[in-house]
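A.B. asks: Could you have a look at this structure, given as structure tokens, before my questions?
Residue numbers (the working numbering): 464 to 651.
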């Protein structure tokens with residue numbers, strides 16, 4: 464039996480929520496990380512800022528009730544030292560039993576924590592192929608261009624889908640209160 468060499472460096476491709484958390488966990492485990500993020504050099508239609516960990520749909524991370532599956536998962540992530548959940552807790556906004564965040568403060572906090580970690584090197588560039596060595600691909604379903612083609616070829620071509628939509632952010636002063644009303648979700 465051959466002993467495997469210890470992994471000392473991993474490349475994480477994509478600085479969204481999954482890639483940012485993966486980079487953090489690897490670095491905290493003593494592994495050097497190259498976090499490759501295409502923004503701001505290239506932006507997808509869903510992105511609005513160059514920040515890492517950007518929420519592109521809703522500002523809600525779903526239920527925070529420990530009885531609900533999503534809430535239990537957050538409880539477990541807190542116990543495991545999740546950087547994302549720690550940032551979410553610090554940038555929480557009222558949303559009933561959901562964990563919702565002020566999205567730009569949340570993304571700024573993630574970006575800053577990753578940038579300050581001594582084991583993480585952030586590379587702002589667009590990739591056209593997967594790098595050699597250990598790699599985590601966390602580019603999301605909107606990956607396009609040459610890298611998207613490479614990933615589709617690796618996965619079998621028809622396995623990348625995106626069915627969500629960006630939730631609009633509406634300025635309060637733009638609402639006609641003569642035909643709108645305030646209410647909380649599910650009366651809570």
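No residue lacks a Cβ here, since even glycine has one placed at the ideal position from N, Cα and C.
All values reported here derive from a predicted model rather than from experimental measurement.
Report the start-end ranges of each alpha helix (DSSP H) in the segment 565 to 600 that is 4 residues or longer and not cut off at the edges.
C.D. replies: The qualifying runs are 566 to 579.
A.B. asks: Let me confirm a value: residue 618 is counted as buried when at least 16 other C-beta atoms fall within 10 Å, else exposed. Which label applies?
C.D. replies: Residue 618 is exposed by the Cβ-count criterion.
A.B. asks: Should residue 526 and residue 560 be called a contact, given that it needs their Cβ atoms to be closer than 7 Å?
C.D. replies: Cβ distance < 7 Å, so residue 526 and residue 560 count as in contact.
A.B. asks: Does the distance from the C-beta atom of residue 496 to that of residue 470 stay below 7 Å?
C.D. replies: No, they are not a contact pair.
A.B. asks: Counting pairs of Cβ atoms below 8 Å between the segment 539 to 559 and the segment 593 to 607, do you hit three or more?
C.D. replies: The segment 539 to 559, when compared against the segment 593 to 607, does not touch it at the 8 Å Cβ threshold.
A.B. asks: With respect to the beta strand (DSSP E) encompassing residue 691, which residues constitute its N-terminal and C-terminal limits?
C.D. replies: Residue 691 cannot be examined here, being either before or after the span of the chain that is shown, 464 to 651.
A.B. asks: So residue 615 is in the alpha helix (DSSP H); what residue range does that whole segment cover?
C.D. replies: 608 to 618 is the extent of the alpha helix (DSSP H) around residue 615.
A.B. asks: Can you tell me which of the three DSSP states residue 539 falls into?
C.D. replies: Residue 539 falls in the helix class under three-state DSSP.
A.B. asks: Helix, strand or coil: which one does DSSP assign to residue 509?
C.D. replies: Looking at residue 509 - three-state DSSP - the assignment turns out to be coil, as it is neither helix nor strand.
A.B. asks: Examine the ligand HEM and report whether any of its heavy atoms sits within less than 6 Å of the Cβ of residue 531.
C.D. replies: For the ligand HEM, the structure offers nothing, since it holds no ligand at all.
A.B. asks: Nearest CA to the CA of residue 490: which residue from 616, 578 and 532?
C.D. replies: Of 616, 578 and 532, the residue nearest in Cα terms is 578.
A.B. asks: Which value, in whole angstroms, describes the spacing of the CA atoms of residue 501 and residue 587?
C.D. replies: Taking the straight line from one Cα to the other gives about 6 Å.
A.B. asks: Helix, strand or coil for residue 531? Go by DSSP, reduced to three states.
C.D. replies: Correct three-state label for residue 531: coil.
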